[in-house]
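Residue numbers (our numbering): 6 to 285.
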């Protein structure tokens, strides 16, 4: 007998906030939830086998396996009137992880994430962050840890379809400066941990300075250019900002006081502690 699912969900948007360019080095990465939700409908129809369509084959396999363990089957669909194709796998993953009991699958998360490549790792971690809301830090093979903290600042976000060749840039830097890479990668890992401390302290100014420092370091690696850095400084006043630099998501984020208005092509949000919720 097929267990039928038909539910409306509000899925909050999440972004990588520190360290996303260095996942392949097994460095930690931090994610943040924003106060913007996309409404989606999840349902399944009768079928002889469990069917699910995502752009990522790896995420499809992971989610089908989790759904089967919950005794769910049929043809699943995830629909939204405002579905952004760039975000379709994120929304589908978050919605289906909500259908599967997140607490029950928690012991499996480190193993699942250790097997995902960088793009899918970020999508999966963003989806898990959207379930809990707030801030999360994680590392491949170690699962996720929620960070308790309230940041009284506005977040200006610009997303881009431009994907940066992260692994290629890291490989070039490693080849050119082999004597520096150990210390440099260690520094980037500590920057994420310091960012977590700023979040726990609710220290917007400290967090902004760390965001700017990460962008400066990305520039030194060839993952950002001077125009990127100039755009980050165009808002006044601001605490700081950074380039979002990964194969899954690209763009920029700037942290400001509440009186700062967004420039063109940016959207303004606040950090949120709210996770996925059923609607209606």
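In this text, a Cβ means the ideal position worked out from N, Cα and C, and glycines have one as well.
### Task
Any chance you could list the beta strand (DSSP E) runs of at least 3 consecutive residues sitting entirely within the stretch 77 to 109, in chain order?
As far as the stretch 77 to 109 is concerned, its whole beta strand (DSSP E) runs of at least 3 residues are 80 to 84.
### Query
Where residue 53 and residue 169 are concerned, what is the direct C-alpha to C-alpha distance, given to the nearest angstrom?
As a first step, residue 53 is located in the chain shown; it is residue number 48 there, counting from the start. As a first step, residue 169 is located in the chain shown; it is residue number 164 there, counting from the start. If I take the Cα positions, the gap works out to 41 Å.
### Query
Which first and last residues belong to the alpha helix (DSSP H) in which residue 233 is found?
Taking the chain shown and counting its residues from 1, one reaches residue 233 at position 228. Segment 231 to 237, the alpha helix (DSSP H) holding residue 233.
### Query
Are the beta-carbon atoms of residue 44 and residue 85 separated by less than 8 Å?
Within the chain shown, numbered from 1, the residue matching residue 44 stands at position 39. Within the chain shown, numbered from 1, the residue matching residue 85 stands at position 80. It is a contact, given that the beta carbons lie within the stated cut-off.
### Query
Does any residue of chain D bring its CB to less than 8 Å from the CB of residue 142?
Looking at the structure shown, chain D is missing, and only one protein chain is on hand.
### Task
Quick one: give me the first and last residue of the alpha helix (DSSP H) that residue 140 is part of.
To locate residue 140, count along the chain shown from 1; it is residue 135. Going by DSSP, residue 140 is part of no alpha helix (DSSP H) but of the beta strand (DSSP E) stretching over 140 to 144.
### Task
Evaluate residue 11 with the Cβ neighbour count: other Cβ atoms within 10 Å of its Cβ, from every protein chain shown; 16 or more gives buried, anything less gives exposed.
Position 6 of the chain shown holds residue 11. By the Cβ neighbour-count rule, residue 11 is exposed, with fewer than 16 other Cβ atoms within 10 Å of its own.
### Task
Please name the residue, chosen from 164, 55, 145 and 211, that lies closest to residue 27 on a Cα-to-Cα basis.
Here the question's residue 27 lines up with position 22 in the chain shown. Nearest C-alpha to residue 27: 145.
### Message
Closest to residue 260 by C-alpha separation, out of 270, 142, 157 and 83, would be which residue?
### Response
Walking along the chain shown from the start, residue 260 turns up at place 255. Closest by C-alpha distance to residue 260, out of 270, 142, 157 and 83, is 157.
### 8 Å Cβ shell around residue 59 - same chain, five flanking residues per side excluded
By one-based count along the chain shown, residue 59 stands at place 54. Excluding positions up to five away in sequence, the list reads 65, 68, 93, 94, 97 and 98.
### Option in 203, 254, 240 and 47 with minimal Cα separation from residue 15
Numbered from 1 along the chain shown, position 10 holds the residue referred to as residue 15. When each option's Cα is compared against that of residue 15, the closest is 47.
### Query
So, are the CB atoms of residue 160 and residue 201 less than 8 Å apart?
Here the question's residue 160 lines up with position 155 in the chain shown. Here the question's residue 201 lines up with position 196 in the chain shown. In this structure, residue 201 does not lie closer than 8 Å to residue 160 by Cβ.
### Query
Tell me which same chain residues have a C-beta within less than 6 Å of the C-beta of residue 40, skipping the five on either side of it?
The sequence position of residue 40 within the chain shown is 35, counting from 1. Excluding residues within five positions, the ones whose Cβ falls inside 6 Å are 274, 275 and 277.
### Per-residue DSSP class, three states only, for residue 246
Looking up residue 246 in the chain shown gives position 241. If DSSP states are grouped into helix, strand and coil, residue 246 belongs with the strands.
### Message
Starting from residue 112, trace the beta strand (DSSP E) in both directions and tell me its first and last residue.
### Response
The residue given as residue 112 occupies position 107 in the chain shown. Segment: none, residue 112 is in no beta strand (DSSP E) and carries neither H nor E.
### Task
Sort out for me which residues DSSP pairs residue 171 with in a bridge.
Against the chain shown, residue 171 aligns to sequence position 166. Beta-bridge partners assigned by DSSP to residue 171: none are found.
### Query
So is residue 192 buried or exposed if we call it buried at 16+ other beta carbons inside 10 Å?
Locating residue 192 in the chain shown gives position 187, counting from the first residue. That one is exposed.
#### Entry: Selected residue, minimal CA-CA separation from residue 51, among 78, 73, 62 and 32
Counted from its first residue, the chain shown places residue 51 at position 46. When only C-alpha atoms are compared, the closest one is 78.
#### Entry: Own chain partners of residue 73 with C-beta closer than 8 Å, once the 5 adjacent residues on each side are dropped
By 1-based counting over the chain shown, the position of residue 73 is 68. Once the five neighbours on either side are set aside, the close Cβ partners of residue 73 are 55.
### Proximity winner among 241, 242 and 224, relative to residue 234 (alpha-carbon distances)
Taking the first residue of the chain shown as position 1, residue 234 is located at position 229. For the options 241, 242 and 224, the alpha carbon positioned closest to that of residue 234 is the one of 224.
### Task
With DSSP collapsed to three states, give me the class of residue 180.
Position 175 of the chain shown holds residue 180. Note: residue 180 maps to helix in three-state DSSP.
### Task
Identify, in the order they occur along the chain, each residue of the same chain with its Cβ nearer than 6 Å to the Cβ of residue 162, setting aside the five sequence neighbours on each side.
Here the question's residue 162 lines up with position 157 in the chain shown. Result list for residue 162: 258 and 272, in chain order.
### Message
Judging by CA-CA distance, which residue of 102, 100, 91 and 57 is the nearest neighbour of residue 80?
### Response
For the purposes of this step, residue 80 is taken as the residue at position 75 of the chain shown. Residue 80 has its Cα closest to that of 57, out of 102, 100, 91 and 57.
#### Entry: Whole-angstrom distance between residue 29 and residue 106, CA atom to CA atom
Your numbering for residue 106 matches position 101 in the chain shown. Your numbering for residue 29 matches position 24 in the chain shown. Rounded to whole angstroms, residue 106 and residue 29 show a C-alpha spacing of 29 Å.
### Task
Take residue 6 and list the residues in its own chain whose beta-carbon comes closer than 8 Å to its own, dropping the five residues that flank it on each side.
Mapped onto the chain shown, residue 6 falls at position 1. Since pLDDT at residue 6 reaches only 42, below the 50 mark, its modelled position is unreliable, and no value is offered.
### Query
For residue 178 versus residue 231, is the C-beta distance shorter than 8 Å?
Within the chain shown, numbered from 1, the residue matching residue 178 stands at position 173. Within the chain shown, numbered from 1, the residue matching residue 231 stands at position 226. The Cβ-Cβ distance between residue 178 and residue 231 does not fall below 8 Å.
### Message
With H, G and I counted as helix, E and B as strand and the rest as coil, what does DSSP make of residue 62?
### Response
What you label residue 62 is simply residue 57 of the chain shown in a count that begins at 1. Reduced to three states, the DSSP call for residue 62 is helix.
### Alpha carbon of residue 37 to alpha carbon of residue 140, nearest angstrom
As a position in the chain shown, residue 37 is number 32, starting the count at 1. As a position in the chain shown, residue 140 is number 135, starting the count at 1. Rounded to whole angstroms, residue 37 to residue 140 spans 5 Å at the Cα level.
### Query
Hey, residue 136 and residue 34 are a contact pair by Cβ (cut 8 Å); roughly how many whole angstroms apart?
Position 131 of the chain shown holds residue 136. Position 29 of the chain shown holds residue 34. Contact between residue 136 and residue 34 does not hold, since their C-beta atoms are separated by about 17 Å, which reaches or exceeds 8 Å.
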